[in-house]
Every structure is written in C-alpha cells, then in structure tokens.
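Novice: Line by line, the protein sequences are chains A and B. If you're matching positions, the first sequence starts at 1 in the numbering used here and goes up one per residue. If you're matching positions, the second sequence starts at 1001 in the numbering used here and goes up one per residue. Note that CB positions come from ideal geometry on N, CA and C, so glycine has one too. Quick caveat: nothing in here was measured; it's all calculated off a predicted structure. Could you have a look at this structure, given as structure tokens, before my questions?
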Amino acid sequence: MVHAAILLAGVVAVVFAVLMATQKSLYACAVCLLAVLLQTAAIFYFLGAPLVAFLQVMIYAGAVMVLVVVTIMAAPAENARAVNKPSAPWLLAVLGVLAPLGEAAWALSRGEFSQGVGWGASAAQMQVGAVLFGPYAVATEAVGFLIFLSALAVIDLNRSRP
Amino acid sequence: MNQAVWAACFVLFAAGLSLLVFRRELLAMLLGLELMVNAANIGVVYGASLAGDASGLSAALLIIAVAAAEAVIGLSLILRVYQSGRSPESDALKELHG
C-alpha cells in the first residue's frame, strides 16, 4: 500500500514537472513547481521521513514559493504572461491542490503509512538532531552562516542606491 | 519500486535541466534549478530511508536549507534586474557591474 502511494505521488510529480517544462507562463511554471514540491513532501512522508516532509512544505512550498510569486508580480507584464492566459494556471492550481489533498486523505484513512518503506527510517529520524550537532556540526554551522550571509546579501541588494 | 523512484528522480531532474537550458527568462531558469535540487533530494531521502541512515536525512535537511538560501539570493538578484529596468532575459545581461 505504501509503495502504491509513493508511485502515485511520483507519477503526479512527474506529470507536473513535464507540464512545468512545457508552460510558457511564469505563473503556470510556479504553480506546477508548487505541485511538484507538495508531491515530493508526500513522497518523503511515505518514505518514513515526516520531519523532512514537514520542512519541505514549510520552507520550499511555503516560504520560497511566496518569494517566487512576489518576484513574478514584480516582473514586467509581458514577461509574466499571466494576464493573457488566466485559465491554465487556475486549472493547474486546482489539480495541484487536489492531488496532495487526496493523497493526505488516503494516508489518514490508513494507519500504516507513518512507518514508511525503510527498515529503520523512523528510528533514524530520531537521531537526526544528534547527527546534525554531532558529526555534521561543522556543516550545520556552515549552512547557518550561509543563511546569515544570504540575508545580508538580500538587504544589500534591495537597498536603494543613488 | 526502486526503479520507479529513480526514474521519477531522473525525469524531474531532466525537466529542471530542460528549463535551465532552453528558457531565457531568469526566473524560469531559477525554477528549473529548484526542480533539479528537489529531484536530487528525493534520491537522498530514498537512499537514507532504505538504509535507515540518519546521516542521509540530515543531509536532506541541509540541502533544503542551502536551496532556500540559494533561491532567496537568486530571487533578490532577479528583483534587482527588474528594478534596474533591464530585460529579465539571460541574453540581455552581459555586464556584471550595477
């Protein structure tokens, strides 16, 4: 059952990825990417890594996609091409939201999904914190410093210059 | 199952690569890059899940954080290009100075 759910999420992700590669409108591209990110989070959940799935939804499908939409809104109108073709993004958005909702309903209706396909994925997930601040401590600090530097860069890039 | 997951990773990566190579808009190229990182992350989490390895899951979390930072920097640069009034297509950007 878990394998079928992973296959379903993978097929939907592939369909939206192909749609994303063929769409001209940037809005449609962003909506397709959002659907792919949500399907990826579903795959992570079914693989027994709900923490990674949660962060995928929070960071990727949440924060990054908000920034992408704001950037598209700031784009010149001829570049976004959203005004001329409003129907396709709406249809894609409905499909992209319905697919993960259906998968979530399917997952909630059955209890065995949270175990995942991995033999020790749930046990390994409990050790993530110990690994991040143990053998991977330097990498974790480096990533934190990188995020700090990116925040500084964003502030400097968007500062108005004379 | 194994082949299906790796095939999905490959197709997602190929779709992102096609966006990166064939599109001219900077934002579409950045979205393709995000798709490629996402495809790689699926492979990392799948391998970690099969092996029950906490290091793989930790690497996936770090990849998500790095990808978010990269997206923020890229989107800020694109916004800067929009504000400067230049064309947001990669062909038109030939100078690095502000």
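#1: Comparing the C-beta of TYR45/A with each C-beta of chain C, is any distance below 7 Å?
#2: Can you tell me the Cα-Cα spacing of ARG159/A and GLY1074/B, whole angstroms?
#3: Alpha helix (DSSP H) containing TYR1082/B: first to last residue?
#4: Measure the beta-carbon distance from GLU1089/B to GLU1025/B and round it to whole angstroms, keeping in mind my assumption that it falls under 8 Å.
#5: Short of 8 Å in beta carbon distance, which residues of its chain neighbour ARG1086/B, apart from the five on each side in sequence? Order them along the chain.
#6: Looking only at its chain, what residues have a beta carbon closer than 6 Å to the beta carbon of LEU37/A, apart from the 5 residues adjacent to it on each side?
#7: Excluding five sequence neighbours on each side, which residues of the same chain lie with their C-beta closer than 7 Å to the C-beta of PHE133/A?
#8: Quick check: ALA1068/B and VAL64/A, are their CB atoms within less than 7 Å of each other?
#9: What does DSSP give as the partner residues of GLU1025/B in its beta bridges?
#10: Give, in chain order, every residue of the region 4-31 of chain A whose Cβ lies closer than 8 Å to some Cβ of chain B.
#11: Using a C-beta cutoff of 7 Å, does ASN1038/B count as contacting chain A?
#12: Which residues of chain B have a Cβ atom closer than 8 Å to the Cβ of LEU33/A, listed in chain order?
#13: In its own chain, which residues sit with a C-beta less than 7 Å from the C-beta of GLY1016/B, not counting the 5 before and 5 after it?
#14: Please name the residue in VAL15/A, ALA75/A, LEU47/A, PHE46/A whose C-alpha comes closest to that of LEU34/A.
Specialist: Considering the structure as presented:
#1: The displayed structure is made up of protein chains A and B, and chain C is not among them.
#2: 16 Å
#3: 1054-1083
#4: 6 Å
#5: ALA1092, LEU1093
#6: TYR60, ALA61
#7: THR140
#8: yes
#9: GLU1089/B
#10: ILE6, LEU7, GLY10, VAL11, ALA13, VAL14, ALA17, VAL18, MET20, ALA21, LEU26, CYS29, ALA30
#11: yes
#12: LEU1031, GLU1034, LEU1035
#13: GLY1032, LEU1033, LEU1035, MET1036, ALA1039
#14: VAL15/A
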